[in-house]
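Residue numbering for the sequence shown follows the numbering used here, starting at 29 and increasing by one per position.
Working notes, structure below.
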Amino acid sequence: MFAWGSGAPQQNFTRGQSSRRQAGFTLIEVMVVAVIIGIGALFIVMNAPSRALNEGAEVSAKQFLQQLHFARERALLRNHVYGIEFDEEEQWYQFYRWQDGRWTTPDAQQLQRVQMPDYVVFELEMGQFRLLDNMQEGRESVFGRDRRADNPDERVPRPTILIFESTEFIGFTLRIENLNDVRDAVVIDARDGYSASLREADVW
29 MFAWGSGAPQ
39 QNFTRGQSSR
49 RQAGFTLIEV
59 MVVAVIIGIG
69 ALFIVMNAPS
79 RALNEGAEVS
89 AKQFLQQLHF
99 ARERALLRNH
109 VYGIEFDEEE
119 QWYQFYRWQD
129 GRWTTPDAQQ
139 LQRVQMPDYV
149 VFELEMGQFR
159 LLDNMQEGRE
169 SVFGRDRRAD
179 NPDERVPRPT
189 ILIFESTEFI
199 GFTLRIENLN
209 DVRDAVVIDA
219 RDGYSASLRE
229 ADVW
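Here it is in structure tokens:
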């Protein structure tokens, strides 16, 4: 009698525990879902810059500022001189490093050539060349002829903005605008050669 009575609650408890196990999730299942969500979020973040470049003038300007900041840091830490070439006709820009008497393409992915979207255009205006007046002795090699200049079959980069080991650079103003939206126009003001700031551009 006692044995039968004690067995029934145990049997009911087992059935209840089984039904709860079927209705809920185990800790392992929750962790697997969390990992999948995390990987998906990481994939979105890693691919955001390539998509964001097509969003307009302001995004393109911010990307350029990030590249400029990165190049200045490397110039200071590695004692390198960098240059930036702008092609206003084809609407692209490219960072270079001066090495062994020639302009070379940096290995860093952050400094590779950027082709502007079809509907985003830039216009470069050079500032005063004050830094050239303060060149130290022996620095002329930085502004010398690229060794490939005498080879007509090879294209020679022609950077117009130079970034020095001190992080100073030749001043400039860069206007970027969205042809599809007249309100989406910005200016990178870097005329002083020490800092670069972003502001809204006057609508033309």
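Glycine included, every Cβ here is placed at the ideal spot set by N, Cα and C.
Note that this is a predicted model, so its numbers are computed, not measured.
Which value, in whole angstroms, describes the spacing of the CA atoms of residue 196 and residue 126?
Indexing the sequence shown from 1 puts residue 196 at position 168. Indexing the sequence shown from 1 puts residue 126 at position 98. Straight-line Cα distance between these residues: approximately 15 Å.
Span of the beta strand (DSSP E) around residue 151
Within the sequence shown, the letter at position 123 stands for residue 151. Here the beta strand (DSSP E) through residue 151 covers 148 to 154.
Starting from residue 101 and walking both ways along the alpha helix (DSSP H), at which residues does that stretch end?
To locate residue 101, count along the sequence shown from 1; it is residue 73. Counting along the chain, the alpha helix (DSSP H) containing residue 101 begins and ends at 85 to 106.
Using the three-state DSSP reduction, which class does residue 191 fall into: helix, strand or coil?
In the sequence shown, residue 191 corresponds to position 163, counting from 1. Strand at residue 191.
If I measure Cβ to Cβ from residue 206 and keep anything under 8 Å in the same chain, skipping five residues before and after, which residues do I get?
Indexing the sequence shown from 1 puts residue 206 at position 178. 84, 85, 147, 148, 212 and 213.
Which residues share a DSSP beta bridge with residue 110?
Along the sequence shown, one-based indexing puts residue 110 at 82. 125 and 191, per the DSSP bridge assignment.
Grab me the residues of residue 72's own chain with a C-beta within less than 6 Å of its C-beta, minus the 5 sequence neighbours each way, in chain order.
One-based indexing of the sequence shown puts residue 72 at position 44. Caution is warranted here: a pLDDT of 45 is assigned to residue 72, below 50, making its placement in the model unreliable, and the coordinate value is therefore given only provisionally. Nothing meets the Cβ criterion.
Quick one: is residue 190 buried, meaning 16 or more other Cβ sit within 10 Å of its Cβ, or exposed?
Taking the first residue of the sequence shown as position 1, residue 190 is located at position 162. By the 10 Å Cβ count, residue 190 comes out buried.
Using a beta-carbon distance below 8 Å, is residue 201 in contact with chain C?
Among the chains of the structure shown, chain C does not appear; only one protein chain is present.
Span separating the alpha-carbon of residue 119 from that of residue 60
Taking the first residue of the sequence shown as 1, we reach residue 119 at position 91. Taking the first residue of the sequence shown as 1, we reach residue 60 at position 32. Between residue 119 and residue 60, the C-alpha separation is close to 46 Å.
Within 10 angstroms of the Cβ of residue 122, are there 16 or more other Cβ atoms? Answer buried if so, exposed if not.
As a first step, residue 122 must be located in the sequence shown, where it is residue number 94. Under this definition residue 122 is a buried residue.
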